[in-house]
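Engineer: What follows is a structure written as C-alpha cells; I'll ask about it next.
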Amino acid sequence: MVRQAWIAAMAVVLGLAACSPGEGATASATAPAPALGGAALHPVSGLKVIDLVVDRGGKKLPFKVELADTTEAQARGLMFRETLGDFEGMIFPSNVPEPRSFWMKNTPLSLDIIFVGADGRILNLAANTEPYSLKPVSSKGEASAVLELRAGRAAQLGIVAGDKVVWMLPR
Numbered sequence: 002m003v004r005q006a007w008i009a010a011m012a013v014v015l016g017l018a019a020c021s022p023g024e025g026a027t028a029s030a031t032a033p034a035p036a037l038g039g040a041a042l043h044p045v046s047g048l049k050v051i052d053l054v055v056d057r058g059g060k061k062l063p064f065k066v067e068l069a070d071t072t073e074a075q076a077r078g079l080m081f082r083e084t085l086g087d088f089e090g091m092i093f094p095s096n097v098p099e100p101r102s103f104w105m106k107n108t109p110l111s112l113d114i115i116f117v118g119a120d121g122r123i124l125n126l127a128a129n130t131e132p133y134s135l136k137p138v139s140s141k142g143e144a145s146a147v148l149e150l151r152a153g154r155a156a157q158l159g160i161v162a163g164d165k166v167v168w169m170l171p172r
C-alpha cells in the first residue's frame, strides 16, 4: 500500500515537471512571471509591478506601476523606454520625504512627473516633459514618492495637485 502511494506521488511529480518550461523556454511579455512575494515582474525592466490608485475625490483611477525601490532602479527609471501603456507608470518611493528632482536624460518618452507628499497627496506635477532634457524637474516641497506616467495622461484623466495617490509596497 505504501509503495503504491509512493508510485502515485512520483507520477504526479513527473507529470508536473513535464508541464514546466524547460531550457530554451521564454516568458510571455504579456504575462509577467510572479516575483517572490507574489508581485509580478515587468517584462522589460524586470522590476516588481504593483497596483496604484489615484483618487480624484472619490473617482479611483487604477494603474499598474513598476516599483523603482532601489538606488539602481531609481537612477535608471524609464531611460531608453519607448512605450508606456495608458494605465502604466513607474513609482519612485523615498524612505524619508525630501525635495526631489528628476531629469529626462536618455529618456525618449515625454512623461508627466507627479510629486507626491508625505500625506499621499499630489504636491505638483510637471506635464509633458521634454525627452532627453537635462533640465531638472523639481518638487514643490518634500516628496515621499514620484510617479511617472506617459505624457498627457494626467491632463486626460483630470489628475491635479491635491489628488490622493495610494499604493502598497510588497513585503
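Per the working numbering, residue 2 is the first one in the sequence shown, and the count goes up by one each step. A virtual CB, placed ideally from N, CA and C, is assigned to each residue, including glycine.
If you measure between the beta carbons of R151 and L110, is that distance less than 8 angstroms?
Structural biologist: In contact: R151 and L110 (Cβ atoms closer than 8 angstroms).
Engineer: Using a Cβ distance threshold of 8 angstroms, determine whether the stretch 103-123 contacts the stretch 138-147, with at least three qualifying pairs required.
Structural biologist: Touching, yes.
Engineer: Quick one: using the 10 Å Cβ neighbour count with 16 as the cut-off for buried, is L48 buried or exposed?
Structural biologist: L48 comes out buried.
Engineer: Using only CA atoms, which one of L135, R57, N96 and L124 lies nearest to M178?
Structural biologist: As shown, the chain starts at 2 and ends at 172. That puts residue 178 outside it, with no answer to give.
Engineer: Under DSSP, the alpha helix (DSSP H) around E73 begins and ends at which residues?
Structural biologist: Per DSSP, E73 belongs to the alpha helix (DSSP H) from T72 to R77.
Engineer: Could you tell me whether the Cβ atoms of P63 and V50 are closer together than 8 angstroms?
Structural biologist: Contact: no.
Engineer: Take the Cβ of S71 as the centre, count every other Cβ of all protein chains shown within 10 Å, and call the residue buried at 16 or more, exposed below.
Structural biologist: The sequence as given places Thr at residue 71; Ser does not occur at that position. The residue is exposed, with fewer than 16 neighbouring Cβ atoms inside 10 Å.
Engineer: Pull up the distance between the alpha-carbon of R57 and that of D164, whole angstroms please.
Structural biologist: When rounded, the distance between both Cα atoms is 5 angstroms.
Engineer: So, using beta-carbon positions, are R101 and S139 closer together than 8 angstroms?
Structural biologist: Closer than 8 angstroms, so yes.
Engineer: Classify A69 as buried or exposed, calling it buried when 16 or more other Cβ atoms lie within 10 Å of its own Cβ.
Structural biologist: A69 should be labelled buried.
Engineer: Where in the stretch 92-122 do unbroken runs of the beta strand (DSSP E), each at least 3 residues long, occur, reported from the N-terminal end onward?
Structural biologist: You should have 112-118.
Engineer: Could you name the residues of the same chain whose beta carbon sits closer than 6 angstroms to that of V161, not counting the 5 residues immediately before and after it, in chain order?
Structural biologist: Once the five neighbours on either side are set aside, V161 has no close Cβ partner at all.
Engineer: Return the bridge partner residues of V55 from the DSSP annotation.
Structural biologist: Answer is L62 and V166, bridged to V55.
Engineer: Count the other CB atoms, across all protein chains shown, that sit within 10 Å of the CB of E67; report buried if there are 16 or more and exposed otherwise.
Structural biologist: Under this definition E67 is a buried residue.
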